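Below: the structure, in structure tokens.
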Amino acid sequence: MMLDTTNWKKFRLGDLFRFEVGKISNKGEQLSDGTDCLYLGASKQNNSVQEKCFKDEKKLQKGNCILFICDGQGSVGYTNYINEDFIATTNIVAGYNSNLNPYVGLFLVTVFDLERLKYSYGRKWYKHLKNTVVKLPCKIDCSPDWQFMEDYIKQIVNEVKEKFRTSV
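The sequence shown runs contiguously to residue 523 in my numbering.
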């Protein structure tokens, strides 16, 4: 499906999200192997999941957020959406917005990953994250059109399900 982006508006990430930096500064601080909680690091693979660990409420971060990979080996500038609570390294910044859900998250990650080229040559994203500008669909009042983003991804999901159903 083609998207008409001509009426999309530019938004600063700092105006869209409340940011929270991960709380584990080095792997030695990690909460040993466990099964209670996801441990996230600076990797695009596996939705940033490194392994599972024991839950530590002091280091726990809430899910339903966009993960911005701000430092790391080859993944700077990538984003992921995560729905469940987690513990993360300081290379990750979680972005929270009350309009997020899995559908909006998938839409945003696709758009945000287009920014990656700016951060693939040794630049860190921490300093620039709040001022990063992205284009998003907007309503008549120039606010982000969260409902359009959700509906667009739902439509794709339904089309894929239908295609799978008819091909089986």
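C-beta atoms are modelled at their ideal positions from N, C-alpha and C, and glycine is treated no differently. If you're wondering where the values come from, they're calculated on a predicted model, not measured in any experiment.
Next item on the list: Output the boundary residues of the beta strand (DSSP E) element that contains VAL434.
Entry: Checking the displayed sequence, the identity of residue 434 turns out to be Thr instead of Val. It spans 434 to 437 - the beta strand (DSSP E) in which THR434 sits, taken as one unbroken run.
Item checked: Three-pair Cβ contact test at 8 angstroms for the segment 446 to 454 versus the segment 417 to 431 -> yes
Notebook entry, point to check: Are PHE462 and THR434 close, meaning C-beta to C-beta below 8 angstroms?
Noted result: no
Item checked: CB of THR445 within 8 angstroms of CB of ILE379, strictly -> yes
Note to self: Going by the DSSP bridge assignment, what does GLU450 pair with across the sheet?
What the structure shows: For clarity, residue 450 is Gly in the given sequence; the question names Glu instead. Paired residue(s): PHE374, ILE421.
Checklist line | Of the residues LYS364, CYS425, GLY460, GLN510, the one placed nearest PRO499, counting alpha carbons only | finding: LYS364
Checklist line | For VAL376 and LEU393, the rounded distance between their alpha carbons | finding: 16 angstroms
Item checked: Candidates LEU415, LYS413, GLY396, of which the one nearest GLU406 by Cα -> GLY396
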